[in-house]
Amino acid sequence: MMMRIAAFAGLLWAAALPVSAAVEIDEVTSPGGIDAWLVQEDSIPFTALEIRFKGGTILDPEGKEGAVNLMMGLLEEGAAEMDAQGFAAAREELAASFEFDAYDDAVSISARFLTENRDEAVALLRAALVEPTFDQVAVDRVRDQVLSNIASDLNDPRTIAYRAFSDAAFPDHPYSRPNDGTRDSVATLTRQDIVDAHAATLVRDRLYVGAVGDITPEELGTLLDDLLGDLPATGGTLPEDAAYSAEPGVSVIDYDTPQSVVIFGHEGIDRHDPDFFAAYVANEIFGGGGFNSRLMEEVRVKRGLTYGVGTGLQPMDYGALILGQASTANESVSETVEVLRDEWARIAEGVTEEELDAAKTYLTGAYPLRFDGNARIAGILVGMQMDGLGVDYIASRNDKIEAVTLDDIARVADRIYRPEDLRFVVVGQPEGLDATN
């Protein structure tokens, strides 16, 4: 679950750099030793700041699932001498925007503020990060919100399917646990559990920062120390790598719905693997987001089995998946699964030059469109750092796409698309489909 607060006050927080402009990144180190990447853009008196800490909900202790998520949701619910209402009023007066999110591998803080209010906005955000009160009344209120979301997820076929796949893929790893926690785990979380989650997660040795906007490297350095310098140096122990354990076959979870949700895939490829870019291009051809992918052509266009179908690479910090999803009428599930198996086998044989050229054109042409706002660019900067990419990646990324050859695709497709390992999780009431495990 993502807890968010926003105060736009009529401001266009998506203020953008020109798409055609080169993104010049400054590597900044504060006097206190905190590193950040900066794209300075002085044309609009506004700054977007993206902060991430590696190690998200995977840091939840066993039996206390949901602690990190609940803790992040409480950062806006009172800090220093302010209660939740006081914090919200102070933020609104500054026309600032803060967002607090929790994911498997990271927690994130997004901030946007005007240059004229920078010092006050940073001081307010520092109070939330360094001096949260975790008042029991707020804990109980936000806990109720989380429990409501958990109850909703228990009735969502897609969430049920993804969680079942995760349980099969990584049964003995935190990846198998829901980010929000369970009804039982969240219900029993104490204020001390929230305090412990804060100490384990928001720590300087797993900190990544991206900044874009009207701020100099020197000003950013001072800001970093003021905002983050008082956080603990180290935190909770990160988990070991996740061993993929899902057996091939089909699992069916009975659910009364006219359409079944199908999640399918198997072990994937690491982000730092030399074949990653070839795998990325191969996935675009096979099941990427466009209407020209093989799966869209075979499953939707030719057979009309589903409105949408797609696949994606999911390289996480401690494991990797190739995962796909589709929804189809109960009476069409069996045929859909058969077509997906056939196409999974066919992509392993390679692709055509026409397919490769089309995928390259799309991927290289779409890339500059990601840089359509200061906040999005700040997020890209942080993602690059967390993936261990250099500051030259933005300039070199499309060259890496263009360098992928038919031989590269054939090699990596044969390596990573393994139809014999496919695992399907179907949530619904499929007709004529036999569960094998």
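Per mature numbering (1 follows the signal peptide of the UniProt record, and there is no 0): the sequence shown = residues -21 to -1, 1 to 416. Backbone N, C-alpha and C fix where the C-beta goes; we use that ideal spot for every residue, glycine too.
Within 8 Å, strictly: CB atoms of residue i and residue j
| i | j | result |
| --- | --- | --- |
| Pro10 | Asp132 | no |
| Val101 | Leu202 | yes |
| Gly247 | Ile395 | yes |
| Ile129 | Asp159 | yes |
| Gly208 | Gly266 | no |
| Ser76 | Glu29 | no |
| Met365 | Tyr187 | yes |
| Arg349 | Pro398 | no |
| Gly367 | His177 | no |
| Val182 | Phe32 | yes |
| Val86 | Leu210 | no |
| Ser155 | Ser164 | no |
| Glu6 | Val361 | no |
| Arg273 | Glu322 | yes |
Contact set for residue i: own chain, Cβ-Cβ below 8 Å, skip 5 residues either direction
| i | result |
| --- | --- |
| Lys339 | Val260, Ile380, Glu381, Val383 |
| Thr161 | Glu44, Gly45, Ile129 |
| Ile194 | Leu17, Gln19, Thr26, Thr94, Arg97, Leu202 |
| Gly35 | Val47, Ala81, Tyr82, Asp83, Asp84, Ala85, Val86, Asn158, Thr180 |
| Asp135 | none |
Nearest-angstrom Cβ-Cβ length linking residue i and residue j, presumed shorter than 8 Å
| i | j | result |
| --- | --- | --- |
| Ala15 | Ala190 | 6 Å |
| Glu328 | Gly192 | Not a contact, Cβ separation roughly 48 Å. |
| Leu342 | Ile388 | With a Cβ gap of about 13 Å, Leu342 and Ile388 do not count as contacting. |
| Glu78 | Ala117 | Glu78 to Ala117, Cβ: 18 Å. No contact. |
| Val288 | Val278 | 5 Å |
| Tyr297 | Pro218 | 6 Å |
| Leu206 | Leu104 | 6 Å |
Proximal residues to residue i (C-beta, below 6 Å), its chain only, five neighbours per side dropped
| i | result |
| --- | --- |
| Ala148 | Tyr223, Ala225 |
| Asp400 | Pro227, His245 |
| Ala106 | Ala58, Ala59 |
| Ala140 | Val240, Ile242, Val404, Val406 |
| Asn309 | Ser239, Gly407, Gln408, Pro409, Glu410 |
| Ile264 | Val330, Glu334, Ala338 |
| Pro(-4) | Note that Pro(-4) scores a pLDDT of 42, beneath 50, so its modelled location is shaky; the value from the coordinates is reported in the next line. Cβ within range, chain order: n/a, list empty. |
| Leu412 | Val312, Ser313 |
Close-in-space but distant-in-sequence residues of the same chain around residue i (CB under 7 Å, 5 per side omitted)
| i | result |
| --- | --- |
| Asp184 | Ala212, Thr213 |
| Asp172 | Lys43, Ala46 |
| Leu292 | Gly247, Ile248, Ala258, Tyr259, Asn262, Ile301 |
| Ala414 | Val229, Ser230, Val231 |
| Glu99 | Leu73 |
| Pro40 | none |
| Asp151 | none |
| residue 420 | Only positions -21 to 416 of the chain appear in this structure, which leaves residue 420 out of reach. |
| Arg137 | Val240 |
| Ala(-1) | Note on Ala(-1): pLDDT 45, under 50, position unreliable in the model; the coordinate value appears next. Excluding residues within five positions, none has a Cβ falling inside 7 Å. |
| Leu199 | Val7, Ala15, Leu17, Ala190 |
| Glu3 | Val18 |
Proximity test, residue i beta-carbon vs the ligand SAH heavy atom, cut-off 7 Å
| i | result |
| --- | --- |
| Arg137 | Judged by which ligands are present, the structure shown has none, so any question about the ligand SAH falls away. |
**Prompt:** Could you give the uninterrupted runs of the alpha helix (DSSP H) lying entirely in the segment 14 to 101, keeping only those of 4 residues or more?
**Reply:** Whole alpha helix (DSSP H) segments, 4+ residues: 46 to 53, 63 to 73.
**Asked** If you scan the segment 264 to 296 from start to end, which runs of the alpha helix (DSSP H) of 4 or more residues do you find wholly inside it?
**Response** Here no run is fully enclosed.
**Message:** Check whether the segment 277 to 289 and the segment 312 to 332 touch, using three or more Cβ-Cβ pairs below 8 Å as the test.
**Reply:** yes
**Request:** Give, in chain order, every unbroken run of the alpha helix (DSSP H) that is at least 4 residues long and sits entirely within the segment 165 to 244.
**Result:** 170 to 180, 196 to 207
**Item:** Secondary structure, alpha helix (DSSP H): runs of 4+ residues fully inside the segment 121 to 155
**Value:** 136 to 148
**Message:** At 3 residues or longer, what runs of the beta strand (DSSP E) sit wholly inside the segment 332 to 382?
**Reply:** For secondary structure counted as the beta strand (DSSP E) over 3 or more consecutive residues, the segment 332 to 382 holds no complete run.
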